[in-house]
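Asks:
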Amino acid sequence: VPRYHLSVRHNGRLYRDEEGEEAPSELEITIRARETARDLIRTPSYAVPDWLDCTLEVTDEAGRVVLTLPFADALDEV
Amino acid sequence: MPQPPHLTLVEKKKPNGNRLLGALSDEDQALLQPSLVLVTLKRGDVLVRPNEPIAHAYFPIDCLGSIVALTSEGRRIEVGLFGRDGMSSTSLLHGTNVTPHESFTQVEGTALRMEADDFRQAIRQSPPAHEVLLRYAEAFQVQVAYTALSHGSYTIEERLARWLLMCHDRLPGDDLPLVHEFLSMMLGVRRSGVTIAIQMLEGTGAIRATRGHIVVRDRAKLEQAANASYGVPEAEYRRLIGEW
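Chains as they are written, first to last, in this note's numbering: chain R, -16 to 61; chain G, 170 to 413.
(1) Suppose the cutoff is 6 Å on Cβ atoms and the five residues either side in sequence are ignored; what does the same chain contact list for Gly411(G) look like?
(2) Whole angstroms are fine: how far does the CA of Thr51(R) sit from the CA of Ala404(G)?
(3) Among the residues of its own chain, which have a CB less than 7 Å from the CB of Lys183(G), if the five just before and after it don't count?
(4) For Pro229(G), does the three-state DSSP call read helix, strand or coil?
(5) For Pro184(G), does the three-state DSSP call read helix, strand or coil?
(6) Run through DSSP, which three-state label would Val385(G) get?
(7) Can you tell which of Glu300(G), Ser295(G) and Glu277(G) has its C-alpha closest to the C-alpha of Thr259(G)?
(8) Is there a C-beta anywhere in chain G that falls below 9 Å from the one on Asp43(R)?
(9) Taking the beta carbon of Ala291(G) as the centre, do at least 16 other beta carbons fall within 10 Å, making it buried, or is it exposed?
(10) Anything in the stretch 307 to 339 of chain G with a Cβ closer than 7 Å to a Cβ of chain R? List those residues in chain order, please.
(11) Strictly under 9 Å for the Cβ-Cβ distance: is Arg(-1)(R) near chain G by that measure?
(12) Once the 5 residues before and after Arg377(G) are set aside, which same chain residues still bring their CB inside 8 Å of it?
(13) Scan the stretch 23 to 56 of chain R for residues whose Cβ lies nearer than 8 Å to a Cβ of chain G and list them as they occur along the chain.
(14) Quick one: what does DSSP say Val401(G) is sitting in, helix, strand or coil?
(15) Based on the DSSP secondary-structure assignment, which residues constitute the bridge partners of Ala280(G)?
(16) Using a Cβ-Cβ cut-off of 6 Å (strictly less than) and excluding sequence neighbours within five positions of Ile236(G), which residues of its own chain qualify?
(17) Give the range of the alpha helix (DSSP H) segment to which Glu247(G) is assigned.
(18) Give the residues of chain G in contact with Glu11(R), contact being defined as C-beta atoms less than 8 Å apart.
(19) Throw me the rounded Cβ distance for the Glu11(R) and Arg(-14)(R) pair, which I believe falls under 8 Å.
(20) Under 8 Å Cβ-Cβ, which residues of chain R neighbour Gln478(G)?
(21) Is the stretch 343 to 363 of chain G close to the stretch 321 to 331 of chain G, with three or more CB pairs under 8 Å?
(22) How many angstroms separate the CA atom of Leu189(G) from the CA atom of Ile230(G)?
(23) Which first and last residues belong to the beta strand (DSSP E) in which Tyr29(R) is found?
(24) Name the chain G residues that come within less than 7 Å of Val(-16)(R), Cβ to Cβ?
(25) Taking 9 Å as the CB-CB cut-off, is Leu58(R) touching chain G?
(26) Which residues mark the beginning and the end of the alpha helix (DSSP H) in which Ser353(G) is found?
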C-alpha cells in the first residue's frame, strides 16, 4: 500500500509530515487531503492564525508532489 | 495562569504503586490485597471492550491507559486518561459492568488487576473503600469535562501541551514513549495539525520529539504553553484523593 505525506505550507514555512499515512490510491489521498484541510480550518492554532493562508502538499514516498491543495479550495463543493 | 505550587509533582522518579489504591485505609488495602495480581500490559491491549461485560479492574503502576468514545462510523476520540492516579473504568463503581467506551493501554508497563466480581464484592463489603473510589470517579469526570472544554475552546498547541502534561503526571520520568500516530486520535486533530503543534512546542524548548518518543525538557514551559486548559482537574484530584 503506498504511503503519502500530508505537509502544510504556511507563509513559506513547510511543516513536514515525517510519518505519513497509507492510502490505496491517489484519489483516496486526495479525498483525505480535502477532509484534512476542512477539519483543520475549524481548529484554532497559534502557529496558523488563518488556515486559508495555507496549502496542503501531498507527496508520495519518492518525494514527488501528487497534490497541492490551497485550503480555500477544500471548501468548494465537488 | 500561573500554576499553584502544589501541582508540582513529588516523587516523580519513584513510582511506588498505584496512588488510588494507596489512598485507601490500611484495612481496605488489606481487604483488596489477596485479589490483586501484578500484570504487564502491552501497548494496544484492550482492557475494557465497548458494550461487553467488564472482566477486570486495572490499577496502573507505571503504564498509561486511554478511554476512548467511538461511533459506528469509526470516529474515535480520547475522553479520559488514567495511570497510577486511577483505574481502567469507573463504570463498576457506579453499579454497571458495561460501558460504550473502550479502555486500552497507551504506554506499556505494569498494573494491578482484579476480577470484576471480586471488585464488586469488595466495594459492597467496605463502604469507606467505595467512597474513596467514588471520589476518584468524581475527579475523573472533572478531567473529562476539561477535556471537552479544551477541545472546544483551546488551540491545538494548548491542547497538545495539556495532554503531554497529563501524561507526564502519570508516567515515571521525562521520556514519554508516545507513538505519534496515536496523538491525532487522542487530541481529535488531523495528523497534519498535530505536526504543527509538536514543532511549535519544540520551538519553545518545552519538548523534544523523536520517533515514538516525546521528551519533556522544560515542564514549566509546557505549563505555560497549556495556559489555563491544564490544572483544574489536577487540583481536584489532589483535593479528593491526595498527592500525585
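Just so it is clear, CB atoms sit at the ideal spot from N, CA and C, and this is done for glycine as well.
Replies: Here's the rundown:
(1) Looking up residue 411(G) in the second sequence gives position 242. The answer, listed in chain order, is Ala192.
(2) As a working note, residue 404(G) is residue 235 in the second sequence. As a working note, residue 51(R) is residue 68 in the first sequence. Near 46 Å, if we compare the C-alpha coordinates of Thr51(R) and Ala404(G).
(3) For the purposes of this step, residue 183(G) is identified with residue 14 of the second sequence, where counting begins at 1. Any reading at Lys183(G) must be qualified, since the residue scores a pLDDT of 33, below 50, and its modelled position is unreliable; no value is offered.
(4) Here residue 229(G) refers to the residue found at position 60 when the second sequence is read from its first residue. DSSP, reduced to helix, strand and coil, places Pro229(G) within a strand of the structure shown.
(5) Within the second sequence, residue 184(G) is the residue found at index 15, counting from 1. Since pLDDT at Pro184(G) reaches only 37, below the 50 mark, its modelled position is unreliable, and no value is offered.
(6) Your numbering for residue 385(G) matches position 216 in the second sequence. Here Val385(G) carries a strand assignment [DSSP, helix/strand/coil].
(7) For the purposes of this step, residue 259(G) is taken as residue 90 along the second sequence, with counting starting at 1. Per the C-alpha coordinates, the member of Glu300(G), Ser295(G) and Glu277(G) positioned closest to Thr259(G) is Glu300(G).
(8) For the purposes of this step, residue 43(R) is taken as residue 60 along the first sequence, with counting starting at 1. With 9 Å as the cut-off, Asp43(R) does not count as an interface residue toward chain G.
(9) For the purposes of this step, residue 291(G) is taken as residue 122 along the second sequence, with counting starting at 1. Buried: at least 16 other Cβ atoms inside 10 Å.
(10) Those residues of the stretch 307 to 339 of chain G placed with their C-beta closer than 7 Å to a C-beta in chain R are Thr324, Ile325 and Glu326, ordered along the chain.
(11) Sequence index remark: in the first sequence, residue -1(R) carries index 16 (1-based). Closer than 9 Å: yes.
(12) Translated into the one-based positions of the second sequence, residue 377(G) becomes position 208. So the qualifying residues of the chain are Glu371, Ile383, Val384 and Arg386.
(13) Flagged, chain order: Leu23, Thr26, Pro27, Ser28, Tyr29, Ala30, Val31 and Leu39.
(14) Working through the second sequence from its first residue, we reach residue 401(G) at position 232. Helix at Val401(G).
(15) By 1-based counting over the second sequence, the position of residue 280(G) is 111. Looking at the DSSP assignment, Ala280(G) forms a beta bridge with Val208(G) and Pro229(G).
(16) Position 67 of the second sequence, counting from 1, holds the residue named residue 236(G). For Ile236(G), the CB contacts under 6 Å within the same chain, skipping 5 residues up- and downstream, are Val248, Gly249, His270 and Ser272 in chain order.
(17) For the purposes of this step, residue 247(G) is taken as residue 78 along the second sequence, with counting starting at 1. Element bounds for Glu247(G): not the alpha helix (DSSP H) but the beta strand (DSSP E), Arg245 to Phe251.
(18) Translated into the one-based positions of the first sequence, residue 11(R) becomes position 28. Around Glu11(R), no beta-carbon contact reaches into chain G at under 8 Å, the shortest distance being about 15 Å.
(19) Within the first sequence, residue 11(R) is the residue found at index 28, counting from 1. Within the first sequence, residue -14(R) is the residue found at index 3, counting from 1. About 12 Å separates the two Cβ atoms, so there is no contact after all.
(20) The structure shown does not extend to residue 478(G), since chain G is modelled only from 170 to 413, so the question has no answer here.
(21) At 8 Å Cβ cutoff, the stretches touch.
(22) Here residue 189(G) is taken as the residue at index 20 of the second sequence, counted from 1. Here residue 230(G) is taken as the residue at index 61 of the second sequence, counted from 1. Whole-angstrom Cα-Cα distance: 10 Å.
(23) Along the first sequence, read from residue 1 onward, the residue named residue 29(R) stands at position 46. It is not in any beta strand (DSSP E) - Tyr29(R) carries neither H nor E in the DSSP assignment.
(24) Here residue -16(R) is taken as the residue at index 1 of the first sequence, counted from 1. Identification of chain G residues near Val(-16)(R) by a Cβ-Cβ cut-off of 7 Å yields none; the smallest Cβ-Cβ distance measures about 15 Å.
(25) Within the first sequence, the letter at position 75 stands for residue 58(R). Closer than 9 Å: no.
(26) Sequence index remark: in the second sequence, residue 353(G) carries index 184 (1-based). Run containing Ser353(G): His349 to Leu356, per the alpha helix (DSSP H) assignment.
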